[in-house]
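Numbering (the working numbering), first residue to last: 288 to 526.
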């Protein structure tokens with residue numbers, strides 16, 4: 288027969304720093320950090336960056352430094368930590384439960400990710416698309432101009448929405464006939480096939496919204512590879 292089951296799990300983490308307290312002199316402790324801040328009224332490890340606006344005023348398809356207008360101060364651009372996590376796993380049983388297929392999806396959202404890899408490459412070489420390709424999207428041209436040519440410089444455009452959905456895994460377990468198990472001198476046997484990190488849906492322009500160069504509390508995508516696709520085959524024997 289056929290059977291189907293679904294398991295869904297999720298979490299939401301909304302936090303706000305209420306107070307940093309007082310120092311030894313009884314004075315209020317000021318905001319800690321510059322870009323990544325601990326600032327009262329905002330989530331822990333929030334990002335604040337000097338914003339800008341841009342426009343192709345001469346309609347030539349290129350963004351020049353005088354077409355990027357900087358804001359006056361750093362503005363809140365988001366939490367560095369995902370606030371919304373969701374996992375959905377669906378299982379299907381076929382042929383009187385002799386074959387089970389499982390697929391799982393992951394969702395992460397509600398956070399901002401610094402695409403420092405793209406920022407670094409455009410700062411170090413003229414070969415990056417935003418500099419060398421006149422057909423590059425205007426937003427991409429504008430952020431490299433703001434990061435490398437504006438005065439003062441700002442990396443605002445490289446702080447991106449990290450929201451993503453990933454087809455995390457598809458696996459299948461096939462229960463083998465008793466004769467097969469007996470041939471291997473086992474009571475029962477099954478073969479398991481697995482494939483991980485198969486598909487990603489995201490607007491993030493870096494390598495991957497899960498790529499992480501950093502070892503501290505704040506994720507950073509800096510010339511880091513995406514989670515690899517890999518495939519497994521395993522034989523389970525029970526005695």
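From the three backbone atoms N, C-alpha and C, an ideal C-beta is built for every residue, glycine too. A quick note: this is a predicted structure, and the numbers were derived from the prediction, not measured.
Subject >> Span separating the alpha-carbon of residue 442 from that of residue 373 >> reply: 30 Å
Original post:
Tell me, which residues are paired with residue 295 by DSSP?
Top reply: 375
Original post:
Going along the chain, which unbroken runs of the alpha helix (DSSP H) with 4 or more residues stay wholly within the segment 440 to 492?
Top reply: 465 to 470
Original post:
Can you name, in chain order, every residue of its own chain whose Cβ lies under 6 Å from the Cβ of residue 518, other than the five neighbours on each side?
Top reply: 482
**OP:** Would you mind stating whether residue 365 and residue 401 have Cβ atoms separated by less than 8 Å?
**Re:** no
Subject >> N- and C-terminal bounds of the beta strand (DSSP E) containing residue 393 >> reply: 386 to 396
Original post:
Alpha carbon to alpha carbon, how far is residue 439 from residue 340?
Top reply: 14 Å
Original post:
Rounded to whole angstroms, how far is the Cβ of residue 513 from the Cβ of residue 489, which I believe are closer than 8 Å?
Top reply: Contact flag wrong, Cβ pair sits at about 11 Å.
**OP:** Find out if the Cβ-Cβ distance for the pair residue 487, residue 453 is shorter than 8 Å.
**Re:** yes
Original post:
What is the residue span of the alpha helix (DSSP H) that residue 435 lies within?
Top reply: 425 to 435
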